[in-house]
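Asker:
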Amino acid sequence: MLEYIIYDSEYIIYSESYILNGYQIQGGETVKLYAMSTKPLKVQAMEILRDAIIDGVLKDGDMITEKIAKERFGISRTPFREAVQILEANNWLYTIPYTGTYVKPITMEDIDEVFEMRMIVEPAIVKHLQNQKVSFEKLYALTHHMEEHIGEMSDIEFMSEDREYHAELYRLTNNKRLISTYDEISEMMLRIGIHVLFKQDRRLEVVEEHWAIIRALEQGNGEELLVSHLKKTKQSFIEVYQSI
């Protein structure tokens, strides 16, 4: 679990090495919050809170208040409120009027809905791509990088590259609405997917399935393999959900 100390509401000390907003932070290093990024404060605050949920620092059902955000994460009032709005829109948090804001638990219904959508959309995308003159170069590069660094990447890094692989399938369609749809889906995938990839054997399966999908795309028969990949991924999600 990520551990850190906030002081003066502006500086943070991490007890171990960590990647924050794309920067490698060494254990014991003092970092000024918001100083390392040109991103808007609300986006930085959103990413800090989202990563805290992913890392288990904030757990399902935990209350998050302005006081907690300032004391634990060095986030001031306005960025916190704006970050909450973003995270609520993406189903990371929910607010009960006059009570508080809480980390929203993942439900079985969430998993079913996300994979139902993916089962409908992604095989259709693959079928479409098989009849188009498109380059799968980025899919190759992503899968090769995942394979080469499978034991070195953090769970978040591996999950991010897995999401990027599927996002690239959507981008290859050049359909803005489809791309926007995956942006929404990927938020939910990240919520529970990070727990699935704690299992090293699933990492190996993911890489093998990614290679198989690329080969099938080139041969014009990728739909069946993609459906199989999604079914295995969903089953892994369900097993993790039931064990939480």
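Under full-length UniProt numbering, the residue at position 16 of the sequence shown is numbered 16, and the numbers go up by one with no gaps.
Glycine included, C-beta positions come from ideal geometry on N, C-alpha and C.
Because the structure is a prediction, the values reported are computed rather than measured.
Measuring only between beta-carbons, confirm whether residue 132 sits less than 7 Å from chain B.
Answerer: In summary, chain B is missing from the structure at hand, where a single protein chain is found.
Asker: For residue 107, which of helix, strand or coil comes out of DSSP?
Answerer: Coil, per DSSP.
Asker: Taking contact to mean 3 or more Cβ pairs, one atom from each stretch, closer than 8 Å, check whether the stretch 80-93 and the stretch 41-54 are in contact.
Answerer: Yes, the stretch 80-93 is in contact with the stretch 41-54.
Asker: Suppose you measure from the CA of residue 227 to the CA of residue 190; what does that come to, to the nearest Å?
Answerer: Rounded to whole angstroms, residue 227 to residue 190 spans 20 Å at the Cα level.
Asker: Residue 140 lies in the alpha helix (DSSP H); which residues open and close that run?
Answerer: Per DSSP, residue 140 belongs to the alpha helix (DSSP H) from 137-148.
Asker: Between the C-alpha atoms of residue 30 and residue 221, what's the straight-line distance to the nearest angstrom?
Answerer: Only weak support is given to the placement of residue 30: the predicted model assigns it a pLDDT of 41, under 50, and the value that follows is read from those uncertain coordinates. Rounded to the nearest angstrom, the two C-alpha atoms are 52 Å apart.
Asker: Tell me which same chain residues have a C-beta within less than 7 Å of the C-beta of residue 179, skipping the five on either side of it?
Answerer: The answer, listed in chain order, is 170 and 171.
Asker: Taking only three categories from DSSP, how would you classify residue 75?
Answerer: In this structure, residue 75 counts as coil in the three-state DSSP scheme.
Asker: Would DSSP call residue 63 helix, strand or coil?
Answerer: Three-state DSSP puts residue 63 in a strand.
Asker: Judging by CA-CA distance, which residue of 66, 229, 109 and 100 is the nearest neighbour of residue 162?
Answerer: Of the listed residues, the one whose Cα sits closest to residue 162 is 229.
Asker: State the Cα-Cα distance for the pair residue 233 and residue 89, rounded to the nearest angstrom.
Answerer: If I take the Cα positions, the gap works out to 25 Å.
Asker: Cutting at 8 Å between CB atoms, please list the residues of its own chain near residue 108, excluding the five before and the five after it.
Answerer: Hits under 8 Å: 238 and 241.
Asker: Who are residue 93's beta bridge partners in DSSP?
Answerer: BP columns for residue 93 point to 103.
Asker: What's the C-alpha gap between residue 73 and residue 48?
Answerer: Approximately 7 Å between the Cα atoms of the pair.
Asker: Determine, using beta carbons only, whether residue 139 and residue 168 come nearer to each other than 7 Å.
Answerer: A contact, by the Cβ cut-off of 7 Å.
Asker: Can you give me the C-alpha to C-alpha distance between residue 218 and residue 133, rounded to a whole angstrom?
Answerer: Spanning the two alpha carbons is a distance of roughly 10 Å.
Asker: Take residue 223 and list the residues in its own chain whose beta-carbon comes closer than 7 Å to its own, dropping the five residues that flank it on each side.
Answerer: For residue 223, where only same-chain residues beyond five positions count, the Cβ hits under 7 Å are 123, 126 and 127.
Asker: How many Å lie between residue 149 and residue 143 at the Cα?
Answerer: For residue 149 and residue 143, the distance between alpha carbons rounds to 10 Å.
Asker: Counting only the same chain and skipping the five closest in sequence on each side, list residues whose C-beta sits under 8 Å from that of residue 92.
Answerer: Contacts found: 49, 50, 53, 103, 104, 187 and 191.
Asker: Are the beta-carbon atoms of residue 251 and residue 182 separated by less than 7 Å?
Answerer: For residue 251 there is no data in the structure shown, the boundaries of the chain being 1 and 244.
Asker: Which residue comes first and which comes last in the alpha helix (DSSP H) that contains residue 46?
Answerer: Unbroken alpha helix (DSSP H) run through residue 46: 41-54.
Asker: Given a cut-off of 7 Å, decide if residue 147 and residue 207 are closer than it, judged by their beta-carbon atoms.
Answerer: In contact: residue 207 and residue 147 (Cβ atoms closer than 7 Å).
Asker: Please state the DSSP three-state secondary structure of residue 264.
Answerer: Only positions 1 to 244 of the chain appear in the structure, and residue 264 is not among them; the question remains open.
Asker: Would you kindly report the start and end of the unbroken alpha helix (DSSP H) that includes residue 98?
Answerer: Element bounds for residue 98: n/a, residue is neither H nor E.
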